[in-house]
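Colleague: Convert by adding 38 to the 1-based position in the sequence shown; the result is the number in my numbering.
Just so it is clear, CB atoms sit at the ideal spot from N, CA and C, and this is done for glycine as well.
Input: one structure, supplied below.
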Amino acid sequence: MEGRTFESILQQLQEAFPEEVVRKRKINDKVTYSYIEVDHYVERLNHVAGNTWSWLLQKEPVLYDKEVLVIGTLDIMGAKRDGIGTAPLKKQNGAATNLKYAIRSASQDALRDACDLFGMGWKNLKHVKKPREGTTLSSNSPTCQKCKTPIPDNQLEWLQKNRINLYFCENCVPAHLRK
């Protein structure tokens with residue numbers, strides 16, 4: 039791991055997972071949800087980032103009537119992303135019967151969410167738009183806050199020129215920020 043840059047680690051983390059690790063869950067007759075189990079993310083983090091990554095839950099889990107919520111921070115070489123995760127609570131006589139497992143499940147959900155913010159799993163789960171012809175992307179181009187697509191250099195210049203400090207692609211800039 040010594041001498042490796044964040045960019046090289048990130049590039050390897052963002053590589054596609056083998057197709058056989060992508061799971062599908064049918065929500066209803068019209069919707070099927072694809073996902074990657076958290077074990078594969080952890081395995082990839084361990085293999086690629088080694089001891090340069092860490093996962094820390096922020097504060098105590100928040101217990102609601104029917105679910106538990108956790109927020110965790112994934113740190114890879116000092117770059118941090120927060121993930122949010124929830125899990126259902128099972129109750130009997132008003133007391134949660136699965137609290138330990140619900141917190142663990144919510145933590146795994148939050149870790150998956152944080153991995154998503156580093157772009158892990160995108161090649162399997164998202165259809166990332168290719169930049170339009172004539173646009174260029176820097177190797178470290180930020181991504182749109184809303185749709186998570188990389189922002190081309192000319193769009194970054196437009197955002198800066200219009201004093202928009204948040205990262206949005208051309209299609210996602212809120213109307214109230216357009217000048």
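Can you tell which of R150, Y71, S72 has the C-alpha that lies nearest to the C-alpha of G110?
Modeller: By 1-based counting over the sequence shown, the position of residue 110 is 72. If you compare the alpha carbons of R150, Y71, S72 with that of G110, the shortest gap goes to R150.
Colleague: Can you tell me whether T90 is helix, strand or coil according to DSSP?
Modeller: Counted from its first residue, the sequence shown places residue 90 at position 52. Reduced to three states, the DSSP call for T90 is helix.
Colleague: For the pair the stretch 63-77 and the stretch 87-96, tell me if three or more CB-CB distances fall below 8 Å.
Modeller: no
Colleague: Considering A117, what are the terminal residues of the beta strand (DSSP E) in which it resides?
Modeller: In the sequence shown, the residue the question calls residue 117 occupies position 79. 117-126 is the span of the beta strand (DSSP E), which, as asked, contains A117.
Colleague: Would you report the Cα separation of R42 and N66, rounded to the nearest angstrom?
Modeller: Walking along the sequence shown from the start, residue 42 turns up at place 4. Walking along the sequence shown from the start, residue 66 turns up at place 28. Each residue's Cα considered, the two are about 45 Å apart.
Colleague: Are the CB atoms of V108 and A152 nearer to each other than 9 Å?
Modeller: The residue you call residue 108 lines up with position 70 of the sequence shown. The residue you call residue 152 lines up with position 114 of the sequence shown. It is not a contact, given that the beta carbons lie outside the stated cut-off.
Colleague: Following the continuous alpha helix (DSSP H) through D147, name the residue where it begins and the one where it ends.
Modeller: For this step, residue 147 is matched to residue 109 along the sequence shown. Counting along the chain, the alpha helix (DSSP H) containing D147 begins and ends at 137-155.
Colleague: Mind reading off the beta-carbon distance from A87 to I114? Whole number of angstroms is fine, and I expect it under 8 Å.
Modeller: Within the sequence shown, residue 87 is the residue found at index 49, counting from 1. Within the sequence shown, residue 114 is the residue found at index 76, counting from 1. Between I114 and A87 the Cβ distance is about 5 Å, and since that is below 8 Å, they are a contact.
Colleague: Apart from the five residues on each side of it in sequence, which residues of its chain come closer than 6 Å, Cβ to Cβ, to N136?
Modeller: Here residue 136 refers to the residue found at position 98 of the sequence shown. Around N136: K128.
Colleague: Reducing DSSP to helix, strand and coil, say where Q49 ends up.
Modeller: Counting from one through the sequence shown, the residue named residue 49 turns up at place 11. In this structure, Q49 counts as helix in the three-state DSSP scheme.
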